[in-house]
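Encoded as structure tokens, the structure appears first; notes follow it.
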Amino acid sequence: MSRRIGSVLRRYLPFTRGVMQEALTYRFRFVFWLLFEFFYVIIAFYLWRSVFEARAAAEGIAFDAVAIGGYSFGMMVLYVFFERIVGSLTALAAENFIDDDIHEGNIAMRLIKPLDYRMQLFAQSLGYAAVSAAVFSLSFGIGLFVVSRAVDLPFAVTAASAAMAAVSIVFAGVIYFLTSFLFGMIIFFTLNSFGMWQLKGAVERLLAGGIIPVALFPGWLKAISDFLPFAQTRYVPITFLLGQYDGDVAGGLAALLVQLLWIGLMLGLTTLAWKGAVRRVVVQGG
Amino acid sequence: MKRRVRLYFMFVAQHLKRMIQYRADFAIGILSFAIIQATGIVFLDVLVKETGLYAWTYYELLVIYAMFQIPRGIDHLLTDNLWLVGWYIRRGQFDKYLVRPMPVLTHLIIERFQLEALGELLVGGVILAFALPRLAIALSVADVLYLFLFILAGTVIYTAIKLITASIAFWTMDSQAMQSAAYEVAIFTKNPIEIYPKGIRFLLVYLLPFGFTSFFPSVFLLSKFGDPSVLEGGMDWILWKTPAGMLLQAGVTAAAFLAAGLLLWKKGLSRYESAGS
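One line per chain: the protein sequences are W and B, in this order.
Letter 157 of the first sequence, counting from 1, is numbered 157 in my numbering, and no numbers are missing.
Counting the second sequence from 1 gives a position; my numbering is that position plus 1000.
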């Protein structure tokens, strides 16, 4: 068994390393990307503050006493930061690589290697995510620390919740990858990427809890979200970090089990989609 | 001039032919831009329907959100090729613009007609059609003219900022990351800008003046001048706090940024060297 793992690592790790090196050559881009991500956090911070102020005024209560869907302002600020941090840790995006492979005609070369295409992409996404996660987690960690000087942040998580959060983040990364791979297969079929990508990005952002926490979703949106894997890739790990399962280990384990079921389902779907796509592949150029 | 107009329509016609060929792709593109812009409404719908934000009711916030889409959409429709300047330079494809009997920038811009922007315009139009009848607004002919000029200034501001950041590629070969960062500052103005601290408002009025693309036109459209929180908050950096003064500042800002963009473009173009091959 350990020899098998060793051989898998030996075969796929070079893909991870290659992408990491490439990502590091474009350090400059990361700076702007980081800036970009901070815009969202700054806007979210002030927007939520104004929403909580408006609620306080409307209900005639103190700012600190306002709770929206169980979230106090401090919790909401934590949520905004965790959403970015967990998002950067779990975003094992494959579609960029698939898109390059198709548009540059490399796909043929990839297919003739005696390696599993899905695993190659997983290794590559992992490399990219490792670099971006290091950059973003660190930056947002610092950001969170700075904000905690000004706003009272109710961060307290039990050891059990922290451990379950770690497992949940790993599961979330796998689900994210499989979703992204499945989406890449759709690109195979349509050969149109830009619009579809943007669409996936927007739907994902909304359903993963990037605009408002899933707990605040109106009924119709919650119903859609339950049938899609996006909330599993970001929102679920955050609930552990916000202490939703403190003292409720059974509830936490049930949430992890749901994530595992999603992994199983997505593994099945991506295998099927891959089998369908590989028969229809159109090699452009090359 | 007549020749330019004729040429422009020839280019547009080419695009429409392409669109007919790839109908599904274009439909998906338009739809996705519409959905992207529509997801943001969920926030307003869930959180501020009853309370509003500061001086703004829910429907008024929808108007700001819709106004945000319109200059952005028009600019997106017309000048999308500015995103690709660095890419063309790196690939050595920029040379073709230099040998055509047309100014380089003109050719670059009319070459691409980005119909996906209809998605943004559609969302803007639909939200306005939904929100405006629910607000008591009576527009005179002069008001409509003002609004038109505000939208024009807002569109020019978008184009100018894209042009400035695109021109930097002549020096650095690649400026897209910087271009995206500058362009996306605009999203601050999907919301009333009085929710931000004074420093951010300064940025949105003088440095990357996207405030003029959505917020100030909405202040005008909804006659929010009488509201002290708008006057002292959102409008604190506006020099003359009247409709005419605000429009004047919008116009001057748009003209100044466009002039800076054209100047930088000219300077960059004069030092352009082909990427070989």
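Even glycine gets a Cβ: it sits at the ideal position worked out from N, Cα and C.
Can you find the residues in the same chain that come closer than 8 Å, C-beta to C-beta, to residue i, ignoring five residues on each side of it along the sequence?
i         : result
W/LEU256  : MET164, VAL167, SER168 and PHE171
B/TRP1083 : LYS1162, ALA1166, GLN1176 and GLN1179
W/PHE38   : SER139 and GLY143
W/VAL77   : PHE45, TRP48, VAL147, VAL151 and LEU153
W/VAL66   : PHE52, ARG55, ALA56, GLU59, SER72 and PHE73
W/ILE68   : VAL51, PHE52, ARG55, MET76 and LEU216
B/SER1277 : Only weak support exists for where B/SER1277 lies, its pLDDT of 49 falling under 50; the value from the coordinates is given anyway. GLY1092.
Please name the residue in the options whose C-alpha comes closest to that of residue i.
i         : options                                       : result
W/GLN124  : W/GLU22, W/ALA231 and W/TYR235                : W/GLU22
B/ASP1143 : B/LEU1221, B/PHE1068 and B/GLU1184            : B/LEU1221
B/LEU1118 : B/GLN1069, B/ILE1238 and B/GLN1093            : B/GLN1069
B/ILE1030 : B/LEU1264, B/LEU1145, B/GLN1114 and B/ILE1041 : B/GLN1114
W/GLY243  : W/PHE63, W/ALA156 and W/PHE82                 : W/ALA156
B/ILE1187 : B/LYS1096, B/VAL1042 and B/PHE1210            : B/PHE1210
B/GLU1060 : B/PRO1071, B/ALA1024 and B/ALA1129            : B/ALA1129
W/LEU260  : W/ALA223, W/LEU9 and W/THR233                 : W/THR233
W/GLY119  : W/HIS103, W/ILE98, W/ILE102 and W/VAL135      : Reading off the sequence shown, one finds Met at residue 119 of chain W, where the question assumed Gly. When each option's Cα is compared against that of W/MET119, the closest is W/ILE98.
W/MET185  : W/GLY268, W/TYR26, W/GLY276 and W/PHE81       : W/GLY276
W/ILE175  : W/ASP101, W/TRP262 and W/GLY251               : W/TRP262
W/ILE43   : B/VAL1185, B/LEU1208, B/GLY1086 and B/PRO1228 : B/VAL1185
W/ASP101  : W/LEU121, W/VAL86 and W/PHE30                 : W/LEU121
W/TYR235  : W/ALA159, W/LYS113, W/ALA91 and W/ILE112      : W/ALA91
Does residue i come out as helix, strand or coil in the three-state DSSP assignment?
i         : result
B/LEU1053 : strand
W/ILE68   : strand
B/ASN1081 : helix
W/ARG4    : helix
B/MET1235 : coil
B/ARG1112 : coil
W/VAL147  : helix
W/ASP246  : coil
B/SER1180 : helix
B/GLY1240 : The question names Gly, yet the displayed sequence has Trp at residue 1240 of chain B. Reduced to three states, the DSSP call for B/TRP1240 is coil.
B/THR1172 : helix
W/ILE169  : helix
W/LEU78   : helix
B/PRO1103 : coil
B/MET1001 : coil
B/GLN1037 : helix
W/TYR117  : helix
W/ILE211  : coil
W/ALA159  : helix
B/ARG1091 : coil
B/SER1140 : coil
W/GLU59   : helix
W/ALA93   : coil
Are residue i and residue j touching if we call contact CB-CB under 9 Å?
i         : j         : result
W/GLY173  : W/LEU89   : yes
W/SER132  : W/PHE240  : no
W/ILE238  : W/GLY209  : yes
B/ILE1036 : W/LEU199  : yes
B/GLY1125 : B/ALA1038 : no
B/VAL1205 : B/ILE1168 : no
B/PHE1150 : B/LEU1053 : no
W/LEU207  : B/VAL1046 : no
B/GLY1092 : B/SER1274 : yes
B/ILE1028 : B/SER1214 : no
W/MET266  : W/PRO229  : yes
B/PHE1212 : B/ALA1254 : yes
B/VAL1042 : W/ILE224  : no
B/GLY1086 : B/ASP1174 : yes
B/TYR1272 : B/PHE1009 : no
W/PHE181  : W/ALA94   : yes
W/LEU269  : W/LEU178  : yes
Going along the chain, which residues of its own chain have a beta-carbon closer than 6 Å to the beta-carbon of residue i, five neighbours each way excluded?
i         : result
B/ARG1018 : none
B/ALA1160 : PHE1257, LEU1258 and GLY1261
B/GLY1251 : ALA1153
W/GLY127  : THR16, VAL19 and MET20
W/GLY286  : Residue placement at W/GLY286 is poorly supported in this model, since its pLDDT is 44, which falls under 50; the coordinates still yield a value, given next. GLY105.
W/LYS222  : none
B/LEU1077 : GLN1114 and ALA1117
Report all residues from its chain with a CB closer than 7 Å to the CB of residue i; omit the five preceding and five following residues, and keep chain order.
i         : result
B/TRP1171 : GLY1268
B/TRP1265 : LEU1105, LEU1163 and SER1167
B/LEU1016 : none
B/LEU1208 : ILE1161, ALA1182 and VAL1185
**Contacting positions in the segment 1042-1056 of chain B - beta carbon closer than 9 Å to chain W** = VAL1042, PHE1043, ASP1045, VAL1046, LEU1047, VAL1048, GLU1050, THR1051, GLY1052, LEU1053 and TYR1054
**Message:** At a CB distance below 8 Å, what residues from the segment 1057-1078 of chain B approach chain W? Give them in sequence order.
**Reply:** none
**Prompt:** What residues in the segment 1205-1219 of chain B have a beta carbon less than 9 Å from any beta carbon of chain W?
**Reply:** none
**Message:** By the 9 Å beta-carbon criterion, what residues does the segment 19-42 of chain W contribute toward chain B?
**Reply:** TYR26, PHE28, ARG29, PHE30, VAL31, PHE32, TRP33, LEU35, PHE36, PHE39, TYR40 and ILE42
**Prompt:** Name the residues in the segment 1118-1142 of chain B whose C-beta lies less than 8 Å from a C-beta of chain W; which are they?
**Reply:** none
**Asked** Using a Cβ cut-off of 8 Å, which residues of the segment 55-88 of chain W contact any Cβ in chain B, in chain order?
**Response** ARG55, ALA57, ALA58 and ILE68
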